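Q: This is the structure, below, for whatever I ask next.
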Amino acid sequence: MSEPLLSYFERELTSIRTALGDYGHKYPESASAMRLNQDEQEDPNIRRFIEAAALLSAKTEQRLDEQYPDLVQDLMNMVYPGYLQTIPSYTPLTLTMDTQESVTPVKLSRGDEFTIEHAQLESTFTLADDLIIHPYHIAALSATTAPFDFPIPKQLRRAESAIQLTLRCNDPDVRFSQLSLEHFDFYVQGFENRSRGLIELLLLQTEAISLSTFDQQCDVPCSHLRSRVTDPDFHWLTVYNGHLSEFDLLRDYFAYPDKSAYMRIDALGDQLSLFDCNEVILTFFVEQLPAEYLSLFTPNVLLLNTVPALNIFAQRGEPIRYDFTKLALPIVADAQQPDHYQVVAIESVSEVQPTGEVPLAPIYEGGYWRDEEAPQWQSRQIWDHKGRRCHNISLSYPQLTSTQSAVVLSTQLWVCNGRAPCLITSNTEAQAQVAVDLPGVFCALKTPSAPQYPALDNSLIWRFLALLNANFASLVQSDTPTETLQDVLRLCCPTAHCLAANAIKKVRYQHRVAPMRLLGSNVFASGTEIEVTVDDTVLGSDIAVFAQLLNALFVQHCSYDRFVELKVIRFGREGASIQFAKQHGSQLGL
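Counted the way numbering that gives the first Met the number 0 counts, the sequence shown spans residues 0 to 589.
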């Protein structure tokens, strides 16, 4: 017996002897009949049985400890497969429109591919959202201060500045009333590619919004202006069955902070359709605009026709010959350029037969209804000797014929180009790989971000698994509510340092009964008031967007028969807070 196994054996033997001693105290007659724990008179058969059980348990525990990292990773791949996947590079693609060519709407769908050539390499990006290119553009963008020399909304009280966008149809003979428009989506590029201050100004200080011409004006509710960061259909990272939406929102935001720059005015097309003219002015009346901002507004500060693109795309892997002699096989995306293609996820594995490809089932996918005699596969991520993230697959063939010595497998993969996209410079042209006539040229607005590789840390994985089993009560009834919320944010952040968690100074929960309006009726409901104090000097991002994320987190945790009401207090700023309306759990299910 080896030295490590001996220590396991002695530990298991001690545990069994202790349990038998407790049994002897509880049932002395039975223990005496079997002569348990009686060194002088113990039955040798009983002793051998005890030692055999201890040895079997010791071997099992040793194997479990040796394979513990693999077991934890396999469990995470079952419960939350996206958590350990590589987070690919991101860049916003923007259209430089040819106004003479853009006369009809053009739609690009989520998943459409664009390629960018750089340094004798080619990187492929996939759109993370749909984009409809409407035949109008921003002709001018400016800012001014009061007194205003143009019509203002009647409810205007405190606004001292205004930001004006001149929207113009590309075809001089076309009117906005003739266009079929819905939402007004735009991207906040900001000043010198820094959008943080402008996003916060638009979300927190906009008092009124209006559409106007020289003889017509239409007010737009300020509540229609929002960041799309919490939209359920605006997720960027891959979402699998079993994922929790609130954690996916946090993971998206921490992986790609620029997601908050994508903004929307809901249903603005309804108001635009009231204007039977070619040009309309969209005005944001803001409470206070810093003087240094006034001269910085150009048409490039707010952009139309800008869409997020991720460096992830589908590709067939290299064929694999499996001769049943190995426990795991490496997955190679491209044998000619192994360093240029990194596997993010394995979508499917098939066996190549003379009659075609036969799909193999993932080992845990079928549940109780799976075919136990069908071949199955399982993937696992490892770090190789060069420090690269690699994927292996293990195969299970319950039934083999005597003549079957090997099989050929094909794989369908999701891959990225690693760190190569980081060499792309801003304004590099991107080529569409779809059969659509584009009214202009798409370019990478920024240098793509670096890919992120979540740590294969067992303790971190166990903490996240525990988080998946949590509910609203585990947040509210915690003895340390501030540390609990900070831990939730850190577990959803792919990097070791989470500024958002550090920015939270205090969390307070208060349970009460309050009136609220539900489905057109006034009712009394029990719920929880939540106060979160945030130091926005530590946050490193827009507090308005972060507050929106916190509200989405608590709302998703809210039970069906309760409400939540969040108030975010800005640390060190007396009277400065962000208040959200009550959200009842039943509203989410209707």
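We put the CB at the ideal spot given by N, CA and C, even for glycine.
In this text, all values refer to a predicted model and were calculated from it rather than measured experimentally.
#1: Is the beta carbon of ALA254 less than 7 Å from the beta carbon of SER194?
#2: Would you kindly report the start and end of the unbroken alpha helix (DSSP H) that includes ASN501?
#3: Whole-angstrom Cβ separation of LEU592 and LEU166, contact assumed at under 8 Å?
#4: Where does ASP42 fall in DSSP's three states?
#5: Whose CA, out of LEU5, VAL78, TYR82, TYR22, lies closest to the CA of CYS492?
#6: Roughly how far, in whole angstroms, is the beta-carbon of ILE423 from the beta-carbon of ALA443, given that I think they are within contact range, below 8 Å?
#7: Between the C-alpha atoms of ALA495 and ARG489, what's the straight-line distance to the nearest angstrom?
#8: Return helix, strand or coil for ALA546, following the three-state DSSP convention.
#9: Do VAL342 and LEU412 have their beta-carbon atoms positioned less than 7 Å apart in this structure?
#10: How is VAL71 classed by DSSP in three states: helix, strand or coil?
#11: My output table needs one value for ASP535: the three-state DSSP class, helix, strand or coil.
#12: Tell me whether GLU564 is buried or exposed, calling it buried when 16 or more other Cβ atoms sit within 10 Å of its Cβ.
#13: In whole angstroms, what is the alpha-carbon distance linking ARG511 and SER525?
#14: Given a threshold of 16 other Cβ atoms within 10 Å of its Cβ, counted over all protein chains shown, does ARG34 qualify as buried or as exposed?
#15: In three-state DSSP terms, what is LYS106?
#16: Let me know the secondary structure DSSP gives TRP235 once reduced to three states.
#17: Could you say which of ASN76, TYR135, THR114 lies nearest to GLU100 if we only look at CA atoms?
#18: Starting from the Cα of LEU63, find the closest Cα among ASP257, TYR26, LEU4 and give me that residue.
#19: Could you tell me which of GLU278, GLU11, ASP170, ARG516 sits nearest to GLN586, measuring between CA atoms?
#20: Comparing alpha-carbon positions, which option in LEU552, GLN375, ARG387, GLY23 lies nearest ASP338?
#21: Rounded to the nearest angstrom, how far is the Cβ of TRP105 from that of ILE86, given a contact under 8 Å?
#22: Indicate whether the contact test is met: 3 or more Cβ pairs, each with one atom in the region 263 to 272 and one in the region 288 to 307, closer than 8 Å.
#23: Could you say which of GLY189, ILE542, LEU236 lies nearest to LEU498 if we only look at CA atoms?
#24: Just tell me which of LEU130, VAL554, ASP97 has its CA closest to the CA of LYS566.
#25: Would PRO146 be called buried (16 or more neighbouring beta carbons within 10 Å of its own) or exposed?
#26: Go to GLU121, then tell me how far its alpha helix (DSSP H) extends in each direction, as first and last residue.
#27: THR305 and PRO91: beta carbons closer than 7 Å?
#28: Three Cβ pairs or more, each shorter than 8 Å: is that satisfied between the region 235 to 252 and the region 167 to 175?
#29: With a floor of 4 residues, list each alpha helix (DSSP H) that falls wholly inside the region 511 to 535, ordered by position along the chain.
#30: Sorted by chain position, which residues of the same chain lie with C-beta nearer than 6 Å to GLN84's C-beta, five sequence neighbours on each side aside?
#31: If contacts are defined as beta-carbon pairs under 8 Å, then THR410 and PHE284 qualify, I think. What distance do you get, rounded to the angstrom?
#32: Could you tell me the distance, in whole angstroms, from the CA atom of SER349 to the CA atom of GLN432?
#33: Could you please give the first and the last residue of the uninterrupted beta strand (DSSP E) stretch that includes GLU350?
#34: Across which residues does DSSP place GLY355 in a beta bridge pair?
#35: Would you check if there are 3 or more beta carbon pairs closer than 8 Å linking the region 310 to 321 to the region 177 to 194?
#36: Between the beta-carbon of ALA500 and the beta-carbon of GLN485, is there less than 7 Å?
A: Judging by the given coordinates:
#1: no
#2: 498 to 502
#3: Summary: the structure shown does not reach residue 592, with the chain confined to residues 0 through 589, and so no result is reported for it.
#4: coil
#5: TYR82
#6: 6 Å
#7: 8 Å
#8: helix
#9: yes
#10: helix
#11: helix
#12: buried
#13: 6 Å
#14: exposed
#15: strand
#16: coil
#17: TYR135
#18: LEU4
#19: ARG516
#20: ARG387
#21: According to the sequence provided, residue 105 is Val. The question's Trp does not apply to it. Actually they do not touch by this definition, with Cβ atoms about 30 Å apart.
#22: no
#23: ILE542
#24: VAL554
#25: exposed
#26: First-last for GLU121: 120 to 126, but that is the beta strand (DSSP E), not the alpha helix (DSSP H).
#27: yes
#28: no
#29: none
#30: VAL343, ALA344
#31: About 56 Å; that fails the 8 Å criterion.
#32: 27 Å
#33: 341 to 352
#34: GLN352
#35: no
#36: yes
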